[in-house]
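J.: The structure's right below; bear with me while I get my questions together.
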Amino acid sequence: MTMVYLTRKAEFAASHYYHNPEFTPEQNRAIFGKCNNPNGHGHNYTLEVTVKGSVDPKSGFVVDLKQLKDVMNREVLDAMDHRFLNKEVPEFATRIPTTENLAVAIWQRLAPKLKAAQLHRIRVYETPDLFVDFYGEA
Amino acid sequence: MKAYLTRRYLFSASHRLHSSAMPDEWNRETYGKCNNPHGHGHNYQLEVTVSGPVDSKTGMVCNLVDLDGFVHNEIVERFGHQNLNMLPEFATEVPTTENLCVAIYEILRRGFRHAHLEKVRMEETMMNSFAYAGGAELRD
Chain A
86 MTMVYLTRKA EFAASHYYHN PEFTPEQNRA IFGKCNNPNG HGHNYTLEVT VKGSVDPKSG
146 FVVDLKQLKD VMNREVLDAM DHRFLNKEVP EFATRIPTTE NLAVAIWQRL APKLKAAQLH
206 RIRVYETPDL FVDFYGEA
Chain Y
1027 MKAYLTRRYL FSASHRLHSS AMPDEWNRET YGKCNNPHGH GHNYQLEVTV SGPVDSKTGM
1087 VCNLVDLDGF VHNEIVERFG HQNLNMLPEF ATEVPTTENL CVAIYEILRR GFRHAHLEKV
1147 RMEETMMNSF AYAGGAELRD
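Line by line, the protein sequences are chains A and Y. Take this note's numbering: the last position of the first sequence gets the number 223, and nothing is skipped along the way. Take this note's numbering: the last position of the second sequence gets the number 1166, and nothing is skipped along the way.
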């Protein structure tokens, strides 16, 4: 089977801070350091969404890139771009918006919406030097 | 000791996404701007990944002179500054980057003998890329 992987990138900017209400203020500061500042700080995130599938013999596409872009815009960028993740994105009301949890949340938002191709990997760069990969594994 | 080597190459080419087997309206709906009859072009970034044991004498998986020579002669010279739709590979296939990726993988698989071919990856633009490993599962 002609299995091809397709990756689409997008960029968004958002703010967050790291804080676990189960920890004491000292523990939060010790574990999360500068990221514990309750007023938040921001990043320019780069998101890479990789889907896999066989090449459609009629169109030559694995997936229509425009549809993929539209789903990414609707499910991820509209919800997260220029937002304070802790306060404005429901997943992070109870989960700390680390890059790990961000990758998992983006997977969970996109996986049910992709029809033609199968979601393979979510990669989120918090900075050019730091990224997380999530393959949907338990 | 097995290692993986990846080399990047750049070539520019034009294409038009159009399937002559399908009605014009389907083509316009499916391909949008890419169906413009006069075509358009990209700077394609090609990444070829090969693997093999590190040779104890040379310290190499593969001599880059061999890889560069093959890719230059068989791929860059063949596809660079061409209209992809005019090439025999795309006489019946639509020259999407998916199909281009598979075509380039097949050229390497059939002809390159100096190391094991792992993967071909292509960036059509800065925002999208495609990878093909002959049907194998990728984990990178």
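Heads up, the beta-carbon is just placed ideally off N, CA and C, and yes, glycines get one too.
What are the residues that DSSP puts in a beta bridge with A/L91?
T.: A/V136 and Y/F1156
J.: Run the CB neighbour count on A/M165, radius 10 Å, all protein chains shown included, and call it buried at 16 or more, exposed below.
T.: buried
J.: What residue range is occupied by the uninterrupted alpha helix (DSSP H) comprising Y/Y1057?
T.: Membership of Y/Y1057 in the alpha helix (DSSP H) is indicated by the continuous run D1050 to Y1057.
J.: Specify the secondary structure class of Y/F1116 as computed by DSSP and reduced to three states.
T.: helix
J.: Looking at the unbroken alpha helix (DSSP H) that takes in Y/R1136, where does it start and where does it end?
T.: Per DSSP, Y/R1136 belongs to the alpha helix (DSSP H) from T1123 to G1137.
J.: What do you reckon, are the CB atoms on A/L91 and A/T135 nearer than 8 angstroms?
T.: yes
J.: Taking A/A202 as the reference, which of A/V156, A/F177, A/E185 and A/N113 has the closest Cα?
T.: A/V156
J.: Do three or more CB pairs link the segment 1063-1078 of chain Y to the segment 1148-1155 of chain Y at distances below 8 angstroms?
T.: yes
J.: If you measure from the beta carbon of A/K143 to each beta carbon in chain Y, is any gap under 8 angstroms?
T.: yes
J.: Just reading off the beta strand (DSSP E) that Y/N1069 is part of, what are its end residues?
T.: For Y/N1069, the enclosing beta strand (DSSP E) covers residues H1066 to P1079.
J.: What residues from chain Y crowd round A/F177, counting only those whose CB sits closer than 7 angstroms?
T.: Here the premise fails: no neighbours, minimum Cβ distance about 26 angstroms.
J.: Return the CA-CA distance between Y/C1060 and Y/P1079, expressed in angstroms with no decimal places.
T.: Rounded to whole angstroms, Y/C1060 and Y/P1079 show a C-alpha spacing of 42 angstroms.
J.: Determine which residues of the segment 87-119 of chain A have a Cβ less than 7 angstroms from any Cβ of chain D, and write them out in chain order.
T.: Protein chains in the displayed structure are A and Y, and chain D is not among them.
J.: Hey, is Y/F1096's beta-carbon within less than 8 angstroms of any beta-carbon in chain A?
T.: no
J.: Please state the DSSP three-state secondary structure of A/G118.
T.: DSSP places A/G118 in helix when its eight states are reduced to three.
J.: Could you check whether the Cβ of A/F146 sits closer than 8 angstroms to any Cβ belonging to chain Y?
T.: yes
J.: For a contact defined as C-beta to C-beta under 8 angstroms, what are the partners of A/L150 on chain Y?
T.: N1154
J.: State buried or exposed for Y/P1121, treating a residue as buried only when at least 16 other CB atoms are found within 10 Å of its CB.
T.: Y/P1121 is buried by the Cβ-count criterion.
J.: Between the C-alpha atoms of A/E176 and A/A190, what's the straight-line distance to the nearest angstrom?
T.: 7 angstroms
J.: To the nearest angstrom, report how far apart A/R93 and Y/Y1035 are at their CA atoms.
T.: 20 angstroms
J.: Around the C-beta of A/M88, are 16 or more other C-beta atoms found within 10 angstroms, so that it is buried, or is it exposed?
T.: buried
J.: Quick check on the burial criterion: 16 or more other C-beta atoms within 10 angstroms. Buried or exposed for Y/T1118?
T.: exposed
J.: Rounded to whole angstroms, what's the CA-CA distance from A/N122 to A/N113? Just pull it up for me.
T.: Each residue's alpha carbon lies about 10 angstroms from the other.
J.: When the Cα atoms are used, what is the spatial distance from A/F97 to A/Y210?
T.: 10 angstroms
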